[in-house]
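K.L.:
Residue numbers (the working numbering), protein chains in the order written: chain A, 1 to 242; chain B, 1001 to 1298.
Just so it is clear, CB atoms sit at the ideal spot from N, CA and C, and this is done for glycine as well.
Shown below is the structure under consideration.
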Amino acid sequence: MHCVMNNTETNNQNRVLEIKNSNIAVSVYNVWKSYESGKIKVLSDVNLQIKKGELVALWGVSGSGKSTLLHLIGGLDTIDNGRITTADLDPTNENERLELRRNKVGFIFQLHNLIPDLTLGENCLIPTLTTNISVPESRKRLNELIEMTGLQDRLHHRIQDLSGGERQRAAICRALINNPMIILADEPTGSLDEETGSQIFSLFKKLIDEKNITVIMATHERRFAEECDKIFKVKNGKVSQI
Amino acid sequence: MNKNNWSNLLVKYFKLNIEIEPQLFKACYECLNSKGGYIRARLINDVGQSFQINVDIIEKIAVSIEYYHLASLIIDDLPCMDNANFRRGKLCIHKTYGESTAILLSLALVNMAYALIWDAMAKLEIDKRNDIRELIQNCLGLDGMINGQAKDLAYRQNEYSIESFTSIAIDKTASLIKLSLLIPAIIKGISNYERYHLQNLSTYWGLNYQILDDLSDYISDQEQTVVNTDINNSEERPNIVLTVGYEKSIDEMERLKILTESAIASLVKTRKRWESLDRFQNELNAKAASIIQASKVA
Ligand SMILES: Nc1ncnc2c1ncn2[C@@H]1O[C@H](COP(=O)(O)OP(=O)(O)OP(=O)(O)O)[C@@H](O)[C@H]1O
Ligand SMILES: [Mg+2]
Chain A
1 MHCVMNNTET NNQNRVLEIK NSNIAVSVYN VWKSYESGKI KVLSDVNLQI KKGELVALWG
61 VSGSGKSTLL HLIGGLDTID NGRITTADLD PTNENERLEL RRNKVGFIFQ LHNLIPDLTL
121 GENCLIPTLT TNISVPESRK RLNELIEMTG LQDRLHHRIQ DLSGGERQRA AICRALINNP
181 MIILADEPTG SLDEETGSQI FSLFKKLIDE KNITVIMATH ERRFAEECDK IFKVKNGKVS
241 QI
Chain B
1001 MNKNNWSNLL VKYFKLNIEI EPQLFKACYE CLNSKGGYIR ARLINDVGQS FQINVDIIEK
1061 IAVSIEYYHL ASLIIDDLPC MDNANFRRGK LCIHKTYGES TAILLSLALV NMAYALIWDA
1121 MAKLEIDKRN DIRELIQNCL GLDGMINGQA KDLAYRQNEY SIESFTSIAI DKTASLIKLS
1181 LLIPAIIKGI SNYERYHLQN LSTYWGLNYQ ILDDLSDYIS DQEQTVVNTD INNSEERPNI
1241 VLTVGYEKSI DEMERLKILT ESAIASLVKT RKRWESLDRF QNELNAKAAS IIQASKVA
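Next up, the structure:
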């Protein structure tokens, strides 16, 4: 764990308390975010806490700020004011942010973007190339995921030869291969039809449950939000639990 | 369309003829045939085709944007700017044909680019035409590429940081990418939502390409220093890798990659056909992977 260098004394004390309270995966305190020098106000005074292993939904209409909040939690963008702690790390600190993105959080967008002329196995292993996971270890994880998603006999098929449902399952394997502690999922089933969307969501839910991963999922669909442990409604820059 | 076809089109639309002064003619021909990646032309072609825009119009826009790009490269390399010697593996235009020819050629490229855009917009509804005209002015004029180049030159004497790098790259590199994505999209008609995500996407790509460029400069400089300590003609140019370090540059690329995927995902939600943008991101990832590999060897 990196030491805290740039924070104030009080922040240090708060953090010590938090780290002790180690069942918290993500906490967001009084966070404000705007764009274009304050002209576009996106989030105002947002507060939330997410426990380890929880599956929570950020639910809100288009443009409400769901993606912005996920980006802030994952250290992709900077906050104007407030404090965020993700996996005991401070995304505003450069070194901690690096650790966070490399080893703690995984981002999932729509479950697509597989490379058509590579095989299913090759596609799933791509994320492991930029980490320090050994080849045997990544093989082991791949086999485990492939089995859990029932894709054993498709491993060496090229993506372009797979069905739509198989591709979605492959994308889930790819998303989980690095064993992230926290997954930030932005409308993972966004481009799917209703039935496939539900099937994929159930499978996803089963996998993260088995692996005890914390998931924060942005969605505008009530039916997916309702299957989560908690729902945070994002509206007019405010976030409230419902 | 493959890369040879693009250079053929660049030559075809330039309307070279025997009346042109021989030095200038040769410079034109060499410049139009220089081997580039044609990323802008390919983006336009891709977006244009998925929106089923008339091929003639797509070609004209694509060639036009490549002309702007070539003109900017020639100007960039001049002794009063970057003072570069090589470009795309060959001597720079001003090195072979002289500065005056290089300046005239860049003017010819810009003029022809405007003429082609004008031509491509001829039958478009007035609102869309005004929209595109304004966009071009924003991207290429005093708020866009010209300003980026001015800042780039000014920052050499001053402090260089990730913030200044970002603002320069947005003006210099993202501008033409933004035009490439937005012109065909506006012709066909897009929502404000799509437009906003396309703008973000061009910023992310612009920054990412700039980091990749700096990274490969950094690596080849390192290799050259080992072989020959005299060669170091890029010492004047601010380089992000030298400024913030290798690790942080790679980290910044990783951040941009996730944001790019996020932007593409938002676009795909509105129309499936935006999925074709993934191809460009995959290409960029592959390029990044090979440069990172090379840097490990170096
Ligand atoms: N880089 C940016 N510059 C300017 N405005 C931005 C930027 N990023 C987000 N916004 C604005 O912030 C608001 C929230 O955007 P965000 O993408 O977080 O919404 P969302 O809830 O994820 O929407 P969707 O369901 O459409 O994905 C939008 O109005 C958007 O225009
Ligand atoms: Mg979103």
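For residue 1067 of chain B and residue 1249 of chain B, what's the separation of their Cα atoms in angstroms?
P.N.:
Roughly 30 Å separates the two Cα atoms.
K.L.:
Using a Cβ-Cβ distance under 8 Å, would residue 1226 of chain B count as near chain A?
P.N.:
Bear in mind that the predicted position of residue 1226 of chain B carries a pLDDT of just 48, short of 50, making it too unreliable to give a figure here.
K.L.:
Using the Cβ count rule (16 or more neighbours within 10 Å means buried), how would you classify residue 1142 of chain B?
P.N.:
The residue in question, residue 1142 of chain B, is exposed, as its Cβ has fewer than 16 Cβ neighbours within 10 Å.
K.L.:
Residues with a Cβ closer than 5 Å to any heavy atom of ligand 1, in chain order?
P.N.:
Any residue whose Cβ sits closer than 5 Å to a heavy atom of ligand 1 makes the list: A/35, A/40, A/42, A/62, A/63, A/64, A/65, A/66, A/67, A/68.
K.L.:
I think residue 67 of chain A touches residue 1262 of chain B, with their Cβ atoms under 8 Å apart; what is that distance to the nearest whole Å?
P.N.:
Yes, residue 67 of chain A and residue 1262 of chain B are in contact; Cβ-Cβ is about 6 Å, under 8 Å.
K.L.:
Which word fits residue 1080 of chain B, buried or exposed, when buried means at least 16 other C-beta atoms lie within 10 angstroms of its C-beta?
P.N.:
When all chains shown are included, residue 1080 of chain B counts as exposed.
K.L.:
Can you check whether the CB of residue 183 of chain A is closer than 8 Å to the CB of residue 58 of chain A?
P.N.:
Contact flag unset, no.
K.L.:
In chain order, what residues of the segment 1246-1267 of chain B put their CB closer than 8 Å to some CB of chain A?
P.N.:
For the segment 1246-1267 of chain B, which is checked against every Cβ of chain A, the residues closer than 8 Å are 1247, 1248, 1251, 1254, 1255, 1258, 1259, 1261, 1262, 1264, 1265, 1266.
K.L.:
With a threshold of 8 Å between beta-carbons, can residue 101 of chain A be considered close to chain B, or not?
P.N.:
Output row for residue 101 of chain A: interface = yes.
K.L.:
Would you call residue 1184 of chain B buried or exposed, if buried means 16 or more other Cβ atoms sit within 10 Å of its Cβ?
P.N.:
It is buried - the Cβ of residue 1184 of chain B has at least 16 other Cβ atoms within 10 Å.
K.L.:
Output the distance between the C-alpha atoms of residue 1211 of chain B and residue 1170 of chain B, rounded to the nearest integer angstrom.
P.N.:
Approximately 12 Å, taken between the alpha carbons.
K.L.:
Among the residues of its own chain, which have a CB less than 8 Å from the CB of residue 74 of chain A, if the five just before and after it don't count?
P.N.:
These residues qualify, in order along the chain: 86, 91, 100, 101, 105, 107, 184.
K.L.:
May I have a chain-ordered list of the beta strand (DSSP E) segments no shorter than 3 residues that lie completely inside the segment 1193-1274 of chain B?
P.N.:
Fully enclosed beta strand (DSSP E) runs of 3 or longer: not present.
K.L.:
Quick check: what's the CA-CA separation for residue 1259 of chain B versus residue 1106 of chain B?
P.N.:
Computed Cα separation, rounded: 35 Å.
K.L.:
Any C-beta of chain C sitting closer than 8 Å to the C-beta of residue 1147 of chain B?
P.N.:
The chain inventory of the structure shown lacks chain C, comprising the protein chains A and B.
K.L.:
Looking at the unbroken alpha helix (DSSP H) that takes in residue 93 of chain A, where does it start and where does it end?
P.N.:
Careful: residue 93 of chain A lies outside any alpha helix (DSSP H) and carries neither H nor E.
K.L.:
Taking residue 293 of chain A and residue 218 of chain A to be in contact with their CB atoms under 8 Å, please state how far apart those CB atoms are, rounded to whole angstroms.
P.N.:
Any property of residue 293 of chain A remains undetermined from this structure, which presents chain A solely from 1 to 242.
K.L.:
Would you say residue 201 of chain A reaches chain B, if we count a Cβ-Cβ gap shorter than 8 Å as a contact?
P.N.:
Chain B, which has no Cβ nearer than 8 Å to the Cβ of residue 201 of chain A, makes this no.
K.L.:
Applying the criterion that 16 or more other CB atoms from any shown protein chain within 10 Å of the CB defines a buried residue, is residue 1089 of chain B buried or exposed?
P.N.:
By the neighbour-count rule (16 or more Cβ atoms within 10 Å), residue 1089 of chain B is not buried but exposed.
K.L.:
Nearest to residue 1208 of chain B by alpha carbon, out of B/1165, B/1238, B/1221?
P.N.:
For residue 1208 of chain B, the nearest C-alpha among the options comes from B/1165.
K.L.:
Could you spell out the range, first to last residue, of the alpha helix (DSSP H) harbouring residue 1174 of chain B?
P.N.:
Careful: residue 1174 of chain B lies outside any alpha helix (DSSP H) and carries neither H nor E.
K.L.:
Short check: CB of residue 168 of chain A to CB of residue 200 of chain A, under 8 Å?
P.N.:
Result yes, Cβ atoms of residue 168 of chain A and residue 200 of chain A sit closer than 8 Å.
K.L.:
On a CA-only basis, which of B/1190, B/1276, B/1155, B/1124 is nearest residue 1240 of chain B? Give me that one, please.
P.N.:
With distances taken between Cα atoms, residue 1240 of chain B lies closest to B/1155.
K.L.:
Going by beta-carbon coordinates alone, are residue 71 of chain A and residue 119 of chain A separated by less than 8 Å?
P.N.:
Not closer than 8 Å, so no.
K.L.:
Shorter than 8 Å from the beta carbon of residue 1282 of chain B to some beta carbon of chain A?
P.N.:
Yes, because at least one Cβ of chain A sits closer than 8 Å to the Cβ of residue 1282 of chain B.
K.L.:
Check whether the Cβ of residue 225 of chain A sits closer than 7 Å to any heavy atom of ligand 2, and report yes or no.
P.N.:
Answer for residue 225 of chain A: no, Cβ out of range of ligand 2.
K.L.:
Say the cut is 7 Å; is the CB of residue 1266 of chain B nearer than that to a heavy atom of ligand 2?
P.N.:
Yes; taking the cut-off as 7 Å, the Cβ of residue 1266 of chain B has a heavy atom of ligand 2 nearer than that.
K.L.:
For a contact meaning CB atoms closer than 8 Å, what does residue 107 of chain A contact in chain B?
P.N.:
Neighbours of residue 107 of chain A on chain B, chain order: 1258, 1261, 1262.
K.L.:
So with CB distances below 7 Å, who are the chain B contacts of residue 98 of chain A?
P.N.:
The contacting residues are 1251.
K.L.:
Could you say if the segment 1266-1273 of chain B and the segment 1018-1035 of chain B meet the contact criterion of at least three C-beta pairs nearer than 8 Å?
P.N.:
Judged by Cβ distances under 8 Å, the segment 1266-1273 of chain B makes no contact with the segment 1018-1035 of chain B, as fewer than three pairs qualify.
K.L.:
Nearest by alpha-carbon distance to residue 1138 of chain B: which of B/1177, B/1204, B/1103 is it?
P.N.:
Comparing Cα-Cα distances from residue 1138 of chain B to each of B/1177, B/1204, B/1103, the minimum goes to B/1177.
K.L.:
Checking the sheet assignment: what are the DSSP bridge partners for residue 58 of chain A?
P.N.:
A/218, A/232.
K.L.:
Would you kindly check if the distance between the Cβ of residue 1182 of chain B and the Cβ of residue 1135 of chain B is under 8 Å?
P.N.:
The answer is yes: Cβ separation under 8 Å.
K.L.:
Could you work out which residues of chain A lie near residue 1193 of chain B, taking near to mean beta carbons separated by less than 9 Å?
P.N.:
Neighbours of residue 1193 of chain B on chain A, chain order: 62, 63.
K.L.:
Taking just the CA atoms, how far does residue 178 of chain A sit from residue 1153 of chain B?
P.N.:
Their Cα atoms are separated by approximately 42 Å.
K.L.:
So the candidates are B/1075, B/1108, B/1104; which of them puts its Cα closest to the Cα of residue 1092 of chain B?
P.N.:
The shortest C-alpha separation from residue 1092 of chain B is found at B/1075.
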